[in-house]
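Engineer: Submitted below is the structure of interest, expressed as structure tokens.
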Amino acid sequence: MSSSQTRGVPLFNLPDDVGYRLIELPPELQTLLESDQAPVLTLESSPSSALLRTADKTYALRQKNTSNALIILKPHTPNPSNPEEGMALISTIKETVDLEAVKDTAAVSEPAGPAKNTGSKGKWHERFGRNR
Numbered sequence: 001m002s003s004s005q006t007r008g009v010p011l012f013n014l015p016d017d018v019g020y021r022l023i024e025l026p027p028e029l030q031t032l033l034e035s036d037q038a039p040v041l042t043l044e045s046s047p048s049s050a051l052l053r054t055a056d057k058t059y060a061l062r063q064k065n066t067s068n069a070l071i072i073l074k075p076h077t078p079n080p081s082n083p084e085e086g087m088a089l090i091s092t093i094k095e096t097v098d099l100e101a102v103k104d105t106a107a108v109s110e111p112a113g114p115a116k117n118t119g120s121k122g123k124w125h126e127r128f129g130r131n132r
């Protein structure tokens, strides 16, 4: 058996003050961004969410929380005289931004109005309390 030791990659905790946000791109938007023709993207606000607009599509930005944190790392050499390189943890992300295609932009930009009264107000709580 070999008695050689295997050393791991050194990990350093060096958080920076940059607020990172990861955006999950739909495949058609990724293709557009990777094309030779640079698209014009605009960010706009609406009552329900922020909107990302391309020439022919509109996407609503939705924040999604994740139970598994994403850790952003970058190469790091703590001592320039020592060529051994490690990794530095620069940020931990617990939420991402998803883009959802919006078909009718007028529905997004105008309030829907008051909620309809279905007459079921408080009944779930009454049944829950009765069975305890």
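Going by UniProt numbering, the sequence shown opens with residue 1, and the numbers climb by one from there. Cβ atoms here follow ideal geometry from the backbone N, Cα and C, with glycine treated the same way.
1) Leaving out five residues on either side along the sequence, give the residues of the same chain with a beta carbon under 8 Å from the beta carbon of residue 135.
2) Does DSSP put Ala107 in a helix, a strand or coil?
3) Tell me whether Leu70 sits in a helix, a strand or coil according to DSSP, three-state version.
4) Taking the C-alpha atoms as reference points, what is the distance between Thr77 and Ala69?
5) Here's a check: name, in chain order, each residue in its chain whose Cβ is nearer than 8 Å to the Cβ of Phe12, leaving out the five neighbours to either side.
6) May I have a chain-ordered list of the beta strand (DSSP E) segments no shorter than 3 residues that lie completely inside the region 9-59?
7) Take Leu43 as the anchor and find which of Ser35, Thr58, Arg21, Lys64 has the nearest alpha-carbon.
Structural biologist: Per the coordinate set shown:
1) The displayed coordinates of the chain run from 1 to 132. Any statement about residue 135 would go beyond what the structure contains.
2) Along the sequence shown, read from residue 1 onward, the residue named residue 107 stands at position 107. Any reading at Ala107 must be qualified, since the residue scores a pLDDT of 43, below 50, and its modelled position is unreliable; the value itself is stated next. In the structure shown, Ala107 sits in a helix (DSSP, three-state: H, G or I).
3) Here residue 70 corresponds to residue number 70 of the sequence shown, with the count starting at 1. Strand at Leu70.
4) Numbered from 1 along the sequence shown, position 77 holds the residue referred to as residue 77. Numbered from 1 along the sequence shown, position 69 holds the residue referred to as residue 69. If you take the alpha carbons of Thr77 and Ala69, they lie about 25 Å apart.
5) Reading the sequence shown from its first residue, position 12 is the one you call residue 12. Hits under 8 Å: His76, Pro78, Gly86, Met87, Ala88, Leu89.
6) 11-13, 42-45, 50-53
7) The residue labelled residue 43 in the question sits at position 43 within the sequence shown. Answer by Cα proximity: Thr58.
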